[in-house]
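K.L.:
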Amino acid sequence: MEISKVYNPQETEKWYNFWLEKGYFSSLPCRQAGHPEPGERRAFTIVIPPPNITGSLHMGHALNNTLQDVIIRFKRMQGYNACWVPGTDHGGIATQNVVEKILLKEGITRQELGREKFLERMWQWRKETGDTILHQLKKLGCSCDWERLRFTMDDNCSRAVLNAFVELYKQGLIYWGSRLVNWCVRCGTALADIEVEYREHKGHLWYIRYPLKSAISHQPSAINYIVVATTRPETMLGDTAVAVNPQDKRYKNLIGKTVILPLMNREMPIIADELVDSSFGTGAVKVTPAHDPVDFEIAQRHQLPEVKVIDGKGRMTGLTDKYAGLDRSQCREEVVKDLQTLGLLEKVEEYSHRIGHCYRCGTVIEPLISEQWFLSTKEMARKAMKVVEEGKIKFFPERWVGPYLQWLENLRDWCISRQIWWGHQIPVWYCTHCLSNKIEVIFKKEILINGIPNIGGTYLVLLRAGLSDKEIIGNMEDFIAHDIDTSNDGVICSIEKPVKCTCGNTYFLQDPNVLDTWFSSALWPFSVFGWSGKTFNELEYYYPTSALVTGYEILYLWVARMVMMGIELVGDIPFENVYIHGIVRDVSGRKMSKSLGNVIDPLDIMKTCGTDALRFALLYSGVTGQDLCLSEESFLMARNFANKIWNASRFVLMNLEGFTTSYSPLTTPRLDLADRWIISEYNSLVKSVTKNLGNYQLSEVVGDIYEFFWHKFCDWYVELIKPKLSQTTTRADVQAILVYILEGTIKLLHPFMPFITEEIWQSLRQFRVQSLGFKKETGELSTTNSQLSASIMVSPWPEYDEMMIDKKASEEMQLLMDVVSAIRNLRSETRIPPQEKINLVFKIDSSEKEKLIQTNLFSILLLTNSEKLEFGMPQSKDCVLTIVDGIEIYIPLTAIDREKEIKRLEKEIENLSSQINKIDQKMSDQNFLNKAPEEEIKKVKQRLKETKEKKNKLEQTLLCLKGG
RNA sequence: GGGCAUUUGGCUCAGAGGUAGAGCGCUGCACUCACAUUGCAGAGGUCGCUGGUUCAAAUCCAGCAAUGCCCACCA
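Per our numbering, residue 1385 is the first one in the first sequence, and the count goes up by one each step.
(1) From the DSSP secondary-structure annotation, give me the bridge partner or partners of V1711.
(2) Does DSSP put T1725 in a helix, a strand or coil?
(3) Between the alpha carbons of V2085 and L1987, how many angstroms are there, rounded?
(4) Report the option in V1671, E1397, W1468 whose CA atom is closest to the CA atom of F1409.
(5) Please return the same chain residues whose Cβ sits closer than 6 Å to the Cβ of W1567, not counting the five positions on each side in sequence.
(6) Quick check on DSSP: helix, strand or coil for F1758?
(7) Count Cβ pairs between the stretch 2250 to 2268 and the stretch 2188 to 2208 that sit closer than 8 Å; are there 3 or more?
(8) Which residue or residues does DSSP assign as beta-bridge partners of M1652?
(9) Does DSSP put E1410 in a helix, in a strand, or in coil?
(10) Just how far apart, CA to CA, sit E2164 and D1529?
(11) Going by DSSP, which residues form a beta bridge with N1448?
(12) Would you kindly check if the distance between the Cβ of I1957 and the Cβ of Y1936 is under 7 Å?
(13) Using C-beta distances below 8 Å, list every residue in its chain close to L1503, excluding the 5 sequence neighbours before and after it, in chain order.
(14) Would you kindly work out how many angstroms separate the C-alpha atoms of Q1555 and R1583, rounded to a whole number?
(15) Which parts of the stretch 1912 to 1985 are runs of the alpha helix (DSSP H), unbroken and 4 residues or longer, counting only runs that do not cross its ends?
(16) Buried or exposed for T1842, going by 16 or more other Cβ atoms inside 10 Å?
(17) Please work out which residues of its chain come closer than 8 Å, Cβ to Cβ, to N2076, disregarding the five sequence neighbours upstream and downstream, and give them in chain order.
(18) Figure out for me which residue from I1610, R1570, T1624 has the closest Cα to the Cα of D1711.
(19) If you count every other CB in all the chains shown that lies within 10 Å of the CB of C1815, and 16 or more means buried, which is it?
(20) Between Y1464, V1912, K2325, which has its C-alpha nearest E1531's C-alpha?
(21) Using C-beta distances below 6 Å, list every residue in its chain close to A1548, excluding the 5 sequence neighbours before and after it, in chain order.
(22) For the pair the stretch 2031 to 2038 and the stretch 2013 to 2022, tell me if three or more CB-CB distances fall below 8 Å.
(23) Over what stretch of residues does the beta strand (DSSP E) that includes S2250 continue unbroken?
(24) Using only the alpha-carbon positions, how far apart do V1671 and L1645 sit?
(25) Can you tell me where the beta strand (DSSP E) holding V1390 begins and where it ends?
(26) Secondary structure at D2099, three-state DSSP: helix, strand or coil?
(27) Give me the Cα-Cα distance between T2352 and T2129, rounded to the nearest whole angstrom.
(28) In three-state DSSP terms, what is E1734?
(29) Under 8 Å by Cβ, that's how I've got S2005 and L1998 pegged, so tell me the actual separation to the nearest angstrom.
(30) If you reduce the DSSP assignment to three classes, tell me which class D2117 lands in.
(31) When the Cα atoms are used, what is the spatial distance from W1399 to D1797?
(32) With 16 other CB atoms within 10 Å as the buried threshold, where does I1800 fall?
(33) Since L1596 contacts K1641 with CB under 8 Å, what's their CB separation in whole angstroms?
(34) In terms of residue numbering, what span does the beta strand (DSSP E) encompassing T1614 cover?
(35) Which residues does DSSP pair with Y1582 in a beta bridge?
(36) Taking just the CA atoms, how far does E1755 sit from V1691?
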């Protein structure tokens, strides 16, 4: 039996299609038999954090999905009905931006194209490129149940989204309100608070004089103005007050007075509000209710008017006189210039502060008053906190509980409407007839105040539906032509377009807004199982899902919201465990980004090192929940390991001739120390791996397997048994153990490195099949022998036997390894060429140890390339000496380099002396002797004795050398 | 302004009250014998700083510093 001499990762990756064809990824084994129920087995369910359809696999995805695949493969092997639901997210703004950019190249805007045509283009684009990442996930080896592939905008999920909206609307949790929202002037839409990214920005602080209407004093020297400080002078055009802290003595007598807003010549009051920090700037604040969240709050308290001076495109509105039409940044320059001219600019300071940017396009956010749909989150947040506080949902690592709770604690209502076209259009319908009279009133009112659309939601609805003012007026006449039924407000929330209003009208206008893409993401754990649809059984079986694997960067954006929605809409938590991993960074700890040019492309790594190496490296280099810094080297390390696995397996397979499958030697008395040792180590490994996988300690598992396979199994065991393979008395035992260990280890490794392990499994299986007399082509074997499973993927997870964990074997083997290492070291230091056979003389004063060495004499000779081993004292004085655990080991030489040897011994003795000093100090410490546990003192005593003996012996030898 | 994380050999990171660990890199030696994507051996660290608890601290506690991240209404 042989496998190819060279490990070729790509060659092993062919197994993906095999798994797919066999249907191993499917989580519904009973489906074929016509059962809607998923069977008796317990489900283990994971829903994928759906990547955006614009996405292409980056290291973050690779990490996230490898983690999920490891967990799901492990659980599958453990016998769970493992269900990993894959899917993609429509990615609202981000995706729309991508298509808009493409259109721009063609010279068209989406407005020119119109909503319907634009959406056609979106869908076409999604059809062409939206599945890229799914193919890449397959390349990564992800064992998702592809039959369950979902998309946040497919029929199923869309129905769930609309249903959720209607449900929450009915409960009164969704409302339409006029609020100050974060507005992206580039994307032309509102954003949720959390979608704003704050970045440090070096700007200025302008100090502006606002003249008082009536002078306090008529003295020529008197100051008849109040100075306010601002980072955004252009917003002053929308000021409606100046605020000071009520406690501030400097301004006490000014409260209630009137100032004149420069440039606009508007009269406005000086008010007092607690929110003003008197220690900042001048202690007096200009209040711009329409463009600042704090000012908005102050304005609400003091019933100040709101003057909207910046529009949705970032331009100055008609309310700004001569500045109207200017871009907000241009306007700033103009305003500053004009203030300077008027002598009202007192000073300018350098000032560094944080400015909000759109998390999708990076444009500076403009706080604007706007009418939007909001989800009232207070109650939902409270429930979402409770389930985590009570431990119903567990976080790994636990430290994320704090930030999670804190975020929910301070959560404000969620602005869920977006003024874009790609997404779930809000299922709210306006009866044109019922609303016409209101529109008329509102519209007329609006015209009276300069045509500034800052009030009147219905007007905005029409406006955003793409109708121009003229069209609205035109429609208005049309609306007014109908009878008016004032008893109905004409707003209907329903999934389907209403057929007829109670007023009899059949014309409806759908709310043009779409929902925040995170709204649909929040429903993901149940929308994928057909929530609100027909397949409720599935939801009952798979929900709550078992684990959620995600990066901490979307803890609030996604995780917290899923919990809220799950509890509110399904009545149960969406998942039991949340595994939170870190972000992938480069070697210097920077985020990987295209602009920094420090990206390592997982697809490149797959090509050069193989998918298994990619997966292994990702898990090897990080600890739970910590960011991981990746360098190219870590992938080489993993590739080398894969190569090692390959070659060790190749070795085993090459030596299987004559091996009988049914033979199990694990308990025969013929086993020697190395056999018992490796079996013991293997069983401990299975134990710890199984335990740690359950705790999501994946990198620890990976490290343990690596250590075992390479440095125990390959370095020691395989080297030790080589001669035994050619002896008829031992060959069968050794073969059986090799297969036992290899098979078990590749099973443990399979979740991490699925391809190479499958390849090896198949070779082993083929061997077993052949040796059992089956033909290779027989295909399925209806056998209970789990070693003949058609794939490692569906073979059972290894069991461990506590009885096989042999502490004594570990200790004895350790001594043997120490002895061998010491001899090798001595050979190397005294420059004995590796090919040269040597003789060994052991002087041992413990019969137990002597017996151990005697029993394993052959192993020592083998591993140290020695001819013979004698006990006693060496005949010749030309010897080099090393001492291990009280065993004196001499290598007689024909000639020794006296100088060198003296130096070597002196160095070693010096080393021992300093050790002895340290221990001596400890042993002479009365406190230590009085208070330390008996056992510890004994240990230290023993060590001191041994070290001293060793030193004495070496000193004697040194003396001999010097004297002779 | 709050909070969290990190600080261990040249680099990336484990560990954990009782003699400092790994991988990479480096040095020396070794290629017909599973593997040079290898083997064997070696050099290299007062475990960020200062206190405290303890017989004993890299490890527990407190404070500080540096770095990174998150949150918050100082315009």
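For every residue, glycine included, the Cβ atom is placed at its ideal position computed from N, Cα and C.
P.N.:
So, to answer that:
(1) Note that residue 1711 is Asp in the sequence shown, not Val. The partner list for D1711 (beta bridge, DSSP) reads R1699.
(2) helix
(3) 25 Å
(4) W1468
(5) A1574, E1750, L1752
(6) strand
(7) Contact between the stretch 2250 to 2268 and the stretch 2188 to 2208 is present, because at least three Cβ pairs lie under 8 Å.
(8) V1643
(9) At residue 1410 the sequence reads Ser, which differs from the Glu that was named. If DSSP states are grouped into helix, strand and coil, S1410 belongs with coil.
(10) At E2164 the pLDDT is 46, less than 50, meaning the model places this residue with poor confidence; the figure from the coordinates comes in the next sentence. Computed Cα separation, rounded: 22 Å.
(11) In DSSP, N1448 forms no bridge with anything.
(12) It is not a contact, given that the beta carbons lie outside the stated cut-off.
(13) In chain order, W1805, W1806 place their CB closer than 8 Å to the CB of L1503, counting only its own chain and leaving out the 5 sequence neighbours on each side.
(14) 38 Å
(15) 1920 to 1926, 1945 to 1949
(16) Confidence is the limiting factor: at T1842 the pLDDT is only 45, short of 50, which leaves the residue's position unreliable, though a coordinate-based value still follows. Buried: at least 16 other Cβ atoms inside 10 Å.
(17) L2082, E2084, V2085, D2088
(18) R1570
(19) buried
(20) V1912
(21) L1907, L1953
(22) no
(23) Element bounds for S2250: 2250 to 2255.
(24) 11 Å
(25) No beta strand (DSSP E) holds V1390; DSSP gives it neither H nor E.
(26) It is helical.
(27) For the chain, the structure presents residues 1385 to 2348; residue 2352 sits outside this window and is missing.
(28) strand
(29) About 11 Å; that fails the 8 Å criterion.
(30) helix
(31) 49 Å
(32) buried
(33) Right, the Cβ-Cβ distance comes to about 6 Å (below 8 Å), so this counts as a contact.
(34) 1609 to 1614
(35) G1740
(36) Rounded to whole angstroms, V1691 to E1755 spans 15 Å at the Cα level.
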